[in-house]
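Single-structure report; data block below.
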Amino acid sequence: MSAIRAEGLVRRFGDVTAVDGVDLEVSEGEIYGFLGPNGAGKSTVVRMLCTLLLPTAGRARVGGLDVVDDAHEVRFSIGVALQDAALDDRMTGREILTTQGRLFGLHKGEIAQRIEELGPILEVDALDRLVGTYSGGMKRRLDLATSLIHNPSVLFLDEPTTGLDPPSRLRVWDEVRRLNRDFGMTVFLTTQYLEEADELAGRVGIINNGTLVAEGTPGELKRSIGTDVVLAELDRDHDRAVEILRSVEGVAQVDHFGDEVVIATSNGSATLSPVALALDRAGIVVTQLSLRTPTLDDVFLEVTGTRFEGGDQ
Amino acid sequence: MSGHAAPVHITARSAGFVHDVWSIALRAIRQLPRDVETTGPALAIPLFFLIINVGSLQDIAGFTSIEIDYKAFQLPVAIVFAVTGVSRAPALVLDIQGGYFDRLMLTPVSRRALLLGHMVADFVLVVVLVIPVVVLGFVIGVRFPTGPLGVLMFVFIGACWGVAYTGIPYAIALKTGNPGAVNSSFLLFFPFAFVTSSFVPLENMTGWLGTAAEYNPVTYLLEGLRSLFVGWDAAALGKSFLAIAALGAISQTMAFLALRGRVARG
Numbered sequence: 037m038s039a040i041r042a043e044g045l046v047r048r049f050g051d052v053t054a055v056d057g058v059d060l061e062v063s064e065g066e067i068y069g070f071l072g073p074n075g076a077g078k079s080t081v082v083r084m085l086c087t088l089l090l091p092t093a094g095r096a097r098v099g100g101l102d103v104v105d106d107a108h109e110v111r112f113s114i115g116v117a118l119q120d121a122a123l124d125d126r127m128t129g130r131e132i133l134t135t136q137g138r139l140f141g142l143h144k145g146e147i148a149q150r151i152e153e154l155g156p157i158l159e160v161d162a163l164d165r166l167v168g169t170y171s172g173g174m175k176r177r178l179d180l181a182t183s184l185i186h187n188p189s190v191l192f193l194d195e196p197t198t199g200l201d202p203p204s205r206l207r208v209w210d211e212v213r214r215l216n217r218d219f220g221m222t223v224f225l226t227t228q229y230l231e232e233a234d235e236l237a238g239r240v241g242i243i244n245n246g247t248l249v250a251e252g253t254p255g256e257l258k259r260s261i262g263t264d265v266v267l268a269e270l271d272r273d274h275d276r277a278v279e280i281l282r283s284v285e286g287v288a289q290v291d292h293f294g295d296e297v298v299i300a301t302s303n304g305s306a307t308l309s310p311v312a313l314a315l316d317r318a319g320i321v322v323t324q325l326s327l328r329t330p331t332l333d334d335v336f337l338e339v340t341g342t343r344f345e346g347g348d349q
Numbered sequence: 002m003s004g005h006a007a008p009v010h011i012t013a014r015s016a017g018f019v020h021d022v023w024s025i026a027l028r029a030i031r032q033l034p035r036d037v038e039t040t041g042p043a044l045a046i047p048l049f050f051l052i053i054n055v056g057s058l059q060d061i062a063g064f065t066s067i068e069i070d071y072k073a074f075q076l077p078v079a080i081v082f083a084v085t086g087v088s089r090a091p092a093l094v095l096d097i098q099g100g101y102f103d104r105l106m107l108t109p110v111s112r113r114a115l116l117l118g119h120m121v122a123d124f125v126l127v128v129v130l131v132i133p134v135v136v137l138g139f140v141i142g143v144r145f146p147t148g149p150l151g152v153l154m155f156v157f158i159g160a161c162w163g164v165a166y167t168g169i170p171y172a173i174a175l176k177t178g179n180p181g182a183v184n185s186s187f188l189l190f191f192p193f194a195f196v197t198s199s200f201v202p203l204e205n206m207t208g209w210l211g212t213a214a215e216y217n218p219v220t221y222l223l224e225g226l227r228s229l230f231v232g233w234d235a236a237a238l239g240k241s242f243l244a245i246a247a248l249g250a251i252s253q254t255m256a257f258l259a260l261r262g263r264v265a266r267g
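For the protein sequence lines, the chains are C and U, in the order given. Each residue of the first sequence is one higher than the one before, starting from 37 at the first, in the working numbering. Each residue of the second sequence is one higher than the one before, starting from 2 at the first, in the working numbering.
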């Protein structure tokens with residue numbers, strides 16, 4: 037059974053269509069990365085899937101239950117860490133976890149046990165301090181722990197590492213992997229970090245302007261644009277370079293973005309020399325020529341025609 | 002971060018409506034001592050009014066039909082000022098703005114419990130606020146011929162009025178999510194607080210003021226509270242509870258309609 041299934045999901049805010057017909061299928065036990073730049077519609081999809089927002093059109097089921105008709109039942113099986121840590125600065129960490137546990141019907145002993153089990157994510161020493169005194173990273177981890185207090189089977193993480201320092205980010209990644217590996221938890225993760233989607237997700241969906249523009253494993257998506265990428269940086273004549281390179285043997289795809297001409301090819305080392313020769317013969321000055329394997333950024337460029345403008349450093 | 006096995010037997014289940022209300026109430030009650038900036042002025046204002054009103058108006062009591070000591074006559078006014086408009090609505094706005102309200106909405110908690118739980122905390126708060134005012138009343142010489150039960154009834158009526166009024170700040174909080182708007186909700190009470198028998202009995206009020214006071218529920222609330230300084234008067238107490246019920250019906254309807262709008266997922 038699919039853990040998450042969406043069909044033609046649409047959400048409009050007045051005249052603005054934030055999500056425009058998204059179809060999704062996430063299997064049980066899968067980590068699904070939902071990648072897109074700011075404003076692409078990621079959070080709106082999450083808010084619809086986790087019952088905070090009604091879809092304007094389309095249907096979605098989580099754990100086999102309809103997010104509109106069975107919203108109350110859906111909430112028992114999902115854990116959600118929203119984009120901004122949804123905490124109360126005037127409560128202690130322990131009070132937040134306890135309140136959350138009580139609302140999910142957990143008894144006192146069960147809550148204490150879960151807090152102990154969630155210790156690896158939490159700063160246990162800080163649990164009795166007011167959340168207002170926590171650092172950003174501590175708040176994020178408490179937010180994640182709060183969303184896990186009732187052992188959900190599906191975990192929604194909306195940009196869980198945005199604003200975190202690298203060590204905190206790695207800690208969250210480790211925890212997501214552990215939850216998935218040890219407990220088979222399905223994880224739906226939105227991110228604007230290409231590296232995060234690449235590292236964590238078994239499959240990635242790329243959303244742009246409210247539409248799902250590509251989907252597959254990171255490897256499949258990268259392979260879809262070729263095995264290698266040759267990158268040529270030019271000061272001028274970009275359009276002419278694109279025209280010339282399209283006829284070079286071994287070149288599968290050529291795109292132009294800013295000063296860069298991106299050449300997708302199945303054999304980078306064999307294509308590098310012909311590319312350099314073709315540009316040289318045409319009198320086009322190349323400031324830098326490099327060869328690398330494709331990234332999800334290249335995939336994004338391929339499917340949207342623009343570079344990814346997310347938060348990757 | 003590894004090596005910890007989660008027990009599979011701990012899973013979410015319905016907590017039940019009463020448990021939900023109590024969970025929300027417990028959280029709100031726990032926060033009361035942390036929000037002294039809210040409770041401090043709510044206590045200072047009625048104490049101030051009691052001292053000033055008694056000091057400045059005591060001498061006019063002889064020209065009116067007041068049958069009880071003017072200090073006792075003014076004590077209910079101080080109580081009404083202490084409890085009206087005091088609520089956890091500002092905290093609710095902070096929950097909405099800070100995202101914690103969404104966190105609660107992601108749980109299977111009963112949506113009505115989100116409001117009722119806060120009101121339970123409000124009841125605790127208004128009782129806490131009424132007690133020092135009553136103590137000050139005792140200090141300045143006010144006595145209850147109705148005995149300890151009369152004191153309890155006095156506190157209970159005050160607390161019920163306070164909770165009945167909370168619907169208005171909650172309606173504003175849920176509708177606007179704006180702390181400024183919530184803080185101004187007390188201003189809505191001003192006409193009701195002054196176009197009534199705050200300073201002289203209803204029978205001494207004439208013209209439009211007297212007519213308006215007759216239709217003001219605060220008038221009957223005050224009369225019910227004041228009756229406890231004379232003896233047990235079922236009619237006066239009944240009218241004060243009717244006034245509370247009328248206010249509560251209007252304000253709580255507003256609050257629960259606003260709650261419905263807030264949780265509508267639209």
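The beta carbon of each residue, even a glycine, is placed where N, CA and C say it ideally should be. Just so it is clear, the structure is predicted and the values come from calculations on it, not from any experiment.
Could you name the residues of chain U that residue i contacts, counting a contact when the two beta carbons are closer than 9 angstroms?
i	result
residue 70/C	Chain U residues near residue 70/C: none, gap ~18 angstroms exceeds 9 angstroms.
Which residues in chain C sit within 9 angstroms of residue i, going by Cβ to Cβ distance?
i	result
residue 16/U	138, 139, 140, 141, 142
residue 21/U	138, 139
For residue i, which residues in chain C fall below 8 angstroms Cβ to Cβ?
i	result
residue 24/U	135, 138, 139
residue 227/U	Per Cβ cutoff of 8 angstroms: no residues; residue 227/U is ~39 angstroms from chain C at best.
Can you check which of these residues, the options, is closest to residue i by C-alpha distance?
i	options	result
residue 103/C	327/C, 51/C, 40/C	40/C
residue 85/U	55/U, 115/U, 21/U, 46/U	46/U
residue 92/C	50/C, 325/C, 46/C, 246/C	46/C
residue 100/C	89/C, 114/C, 202/C	114/C
residue 69/U	216/U, 207/U, 201/U	201/U
residue 184/U	111/U, 23/U, 43/U, 15/U	43/U
residue 108/U	81/C, 133/C, 321/C, 209/C	133/C
residue 318/C	284/C, 335/C, 307/C	284/C
residue 34/U	249/U, 122/U, 251/U	122/U
residue 57/C	200/C, 244/C, 130/C, 204/C	244/C
Whose C-beta lies closer than 6 angstroms to the C-beta of residue i among residues of the same chain, with five residues either side of it excluded?
i	result
residue 259/U	172, 175, 176
residue 350/C	Here chain C covers residues 37 to 349 and nothing more, so residue 350/C does not appear.
residue 97/C	41
residue 3/U	The predicted position of residue 3/U is uncertain, since its pLDDT is 44 and thus under 50; no value can be drawn from it.
residue 83/C	89
residue 223/U	77, 198
residue 349/C	A caution first: residue 349/C carries a pLDDT of 41, below 50, which makes its placement in the model too unreliable to give a value.
Quick one: list the residues of chain U neighbouring residue i, beta-carbon separation under 7 angstroms, in chain order.
i	result
residue 274/C	Ordered by position in chain U, no residue passes the 7 angstroms Cβ test against residue 274/C, which lies about 45 angstroms from the chain.
residue 146/C	11
residue 150/C	11
residue 111/C	107, 108, 109
Got a sec? Which residues, its chain only, sit under 7 angstroms from residue i by beta carbon, not counting five neighbours each side?
i	result
residue 247/U	218
residue 125/C	166, 167, 168
residue 253/U	168
residue 237/U	224, 225, 228
residue 38/C	61, 62, 63
Taking Cβ-Cβ distances shorter than 7 angstroms, what residues in chain C pair up with residue i?
i	result
residue 101/U	122, 123, 124
residue 35/U	126
residue 96/U	124
Show which residues of chain U have a CB atom less than 8 angstroms away from the CB atom of residue i.
i	result
residue 159/C	Those do not exist, as residue 159/C stays about 13 angstroms from chain U at its closest Cβ, beyond 8 angstroms.
residue 186/C	11, 12, 13
residue 289/C	Neighbours of residue 289/C on chain U: none; closest Cβ ~41 angstroms, over 8 angstroms.
residue 131/C	28, 31
Going by beta carbon distance, what residues of the same chain come within less than 8 angstroms of residue i, once the five residues before and after it are set aside?
i	result
residue 109/C	101
residue 43/C	59, 94, 95, 96
Complete runs of the beta strand (DSSP E) confined to the region 228-257 of chain C [at least 3 residues]: 239-244, 247-252
Where the region 113-125 of chain C meets chain U: residues whose CB sits under 8 angstroms from a CB there: 113, 114, 116, 118, 120, 121, 122, 123, 124, 125
Residues of the region 48-78 of chain U with Cβ closer than 8 angstroms to any Cβ of chain C, in chain order: none
Ordered list of alpha helix (DSSP H) runs contained in the region 204-254 of chain U, each at least 4 residues: 208-215, 218-228
Length at least 3, wholly inside the region 153-201 of chain C: the beta strand (DSSP E) runs in chain order: 190-194
Inside the region 47-118 of chain C only - beta strand (DSSP E) runs reaching at least 3 residues: 52-63, 67-71, 93-98, 114-117
Complete alpha helix (DSSP H) runs within the region 116-159 of chain U (minimum length 4 residues, chain order): none
Contacting positions in the region 190-222 of chain U - beta carbon closer than 8 angstroms to chain C: none
Within the region 280-338 of chain C, ranges of the beta strand (DSSP E) (whole runs, at least 3 residues): 287-293, 296-301, 322-328
Positions along the region 103-120 of chain U whose CB lies within less than 8 angstroms of some CB in chain C: 103, 104, 105, 106, 107, 108, 109, 110
Residues within the region 71-90 of chain C neighbouring chain U, beta-carbon criterion of under 8 angstroms: 86, 87, 88, 89, 90
4-residue-minimum alpha helix (DSSP H) runs that sit fully inside the region 47-114 of chain U, ordered along the chain: 71-84, 90-99, 101-106
Proximal residues, the region 279-307 of chain C versus chain U, C-beta separation under 9 angstroms: none
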